[in-house]
Amino acid sequence: MTNTNAILSLKNVTVKVRSDNGSETEILKNFNLDVADGDFITVLGANGAGKSTFFNVIAGTLPADSGQIFHAGQDITSVSAEKRTAFLSRVFQDPKMGTSPRMTVAENLLLAAKRGEKRRLLPRHLNSKMADFERITAAMGNKLDQRLNTATENLSGGQRQALSFLMATYKKPDILLLDEHTAALDPKTSAELMQKTAQRVNEDHLTCLMITHRMDDALKYGNRLIVIDNGAVSHDFNRDEKAALTKDKLFSFFDAEA
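Heads up, the sequence shown is in full-length UniProt numbering, so the first residue is 1 and it goes up one at a time.
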């Protein structure tokens with residue numbers, strides 16, 4: 001039985017990788033997690049713990065060997081990654097992965113506005129969207145609104161990642177995956193993007209899972225924190241339990257996993 005109140009559920013999900021000699025290694029091991037509507041979950045784990053595999057399975061870019069995945073109570077285990085974009089968005093660590101480099105900022109946002117829709121040969125109506133694009137880019141506070149007609153490849157790393165975030169959240173997805181989306185940025189730009197991230201997640205009541213290695217961010221943001229160890233959830237802290245955590249306590253999880 002799946003939790004009918006969960007927007008996302010993973011039930012006994014196992015993922016294996018197979019080497020050239022035929023041996024198998026389990027990356028996720030009977031992985032279980034229920035995510036409530038509106039949860040903002042920070043995800044911690046040592047390298048190789050299974051964090052990226054966890055996100056890839058949710059996004060549909062990696063199939064589960066066993067178990068089930070549910071979205072709003074519907075089994076999506078066999079649903080393609082392309083079809084999952086109708087309700088799921090993801091921002092990667094590399095600012096170059098979420099945008100089309102030779103398209104302008106406005107053109108990239110127009111792609112986001114049509115995310116999950118059937119592609120048809122229709123006029124773009126780009127001009128009719130410009131006021132909205134200017135409004136949402138201005139909210140980022142990094143002068144992105146002044147570069148709507150600039151090719152994305154000519155943006156700074158922070159502006160490009162901000163654009164990736166805006167594209168991912170433009171249609172208010174049911175599930176937002178942030179895959180270390182500030183890790184490649186300098187501390188000041190990272191802090192600014194995290195502040196805008198939390199603001200948008202809260203204002204739009206987005207359900208968000210965020211992988212991070214920044215302990216300060218893990219403690220500061222979100223209403224829930226999970227630790228992934230050896231392919232499963234080893235700790236799951238609610239809002240009150242999370243508020244009582246310290247960086248030393250978080251580091252102790254990694255010491256135990258070493």
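Glycine residues also receive a C-beta, built at the ideal position from the N, C-alpha and C atoms.
Practice task
May I ask which residues mark the beginning and end of the alpha helix (DSSP H) holding ASP132?
Solution key: 126–138
Practice task
Specify, as a first and last residue, the run of the alpha helix (DSSP H) that LYS242 falls within.
Solution key: 239–243
Handout entry: Backbone secondary structure at GLU153 - three-state DSSP
Key = helix
Handout entry: Within 8 Å, strictly: CB atoms of ALA168 and ARG90
Key = yes
Handout entry: Contact check, ILE58 vs GLY222, beta carbons under 8 Å
Key = no
Practice task
Give the DSSP-derived three-state secondary structure of THR85 in the structure shown.
Solution key: coil
Practice task
Starting from the Cα of SER66, find the closest Cα among ALA86, LYS11, PHE87 and PHE251 and give me that residue.
Solution key: LYS11
Exercise for the section: Taking the CB atoms as reference points, tell me whether THR99 and ARG160 lie closer together than 8 Å. Expected result: yes
Exercise for the section: Determine the DSSP secondary structure at ARG200, reduced to helix, strand or coil. Expected result: helix
Handout entry: Among GLU26, ASP229, SER9 and ASP39, nearest to ASN202 - alpha-carbon criterion
Key = ASP39
Exercise for the section: Please name the residue in ILE27, ALA46, ALA36 and VAL35 whose C-alpha comes closest to that of THR212. Expected result: ALA46
Problem - Distance CB(GLY22)-CB(PRO95) smaller than 8 Å - result: no
Exercise for the section: Report the rounded CA-to-CA distance for ALA151 versus MET103, giving the unit in angstroms. Expected result: 5 Å
Handout entry: GLN146, DSSP secondary structure in three states
Key = helix
Handout entry: Length of the line joining the Cα atoms of THR14 and LEU148
Key = 43 Å
Exercise for the section: Kindly list the residues whose CB is nearer than 6 Å to the CB of THR25, restricted to its own chain and excluding five residues on each side of it in sequence; keep chain order. Expected result: VAL17
Problem - Those residues which DSSP pairs with ALA6 across a bridge - result: ALA36
Exercise for the section: From the DSSP output, read off the bridge partner residues of LEU178. Expected result: VAL91 and MET210
Handout entry: Local conformation of ARG102 per DSSP, three classes
Key = coil
Exercise for the section: Can you tell me which of the three DSSP states VAL57 falls into? Expected result: helix
Practice task
If I'm right that LEU144 touches ALA162 with Cβ under 8 Å, what's the distance once you round it to whole angstroms?
Solution key: 6 Å
Practice task
Assign ALA106 to one of two classes, buried (16 or more other C-beta atoms within 10 Å of its C-beta) or exposed (fewer than that).
Solution key: buried
Handout entry: Per DSSP, cross-strand counterpart(s) of HIS205
Key = BP columns for HIS205 are empty, so no partner.
Problem - Sequence-distant residues of its chain with Cβ nearer than 7 Å to ASP20 (five each side left out) - result: none
Exercise for the section: Verify the CB distance criterion: does MET130 have a CB-CB separation below 8 Å to chain B? Expected result: Included in the structure is just one protein chain, with no chain B present.
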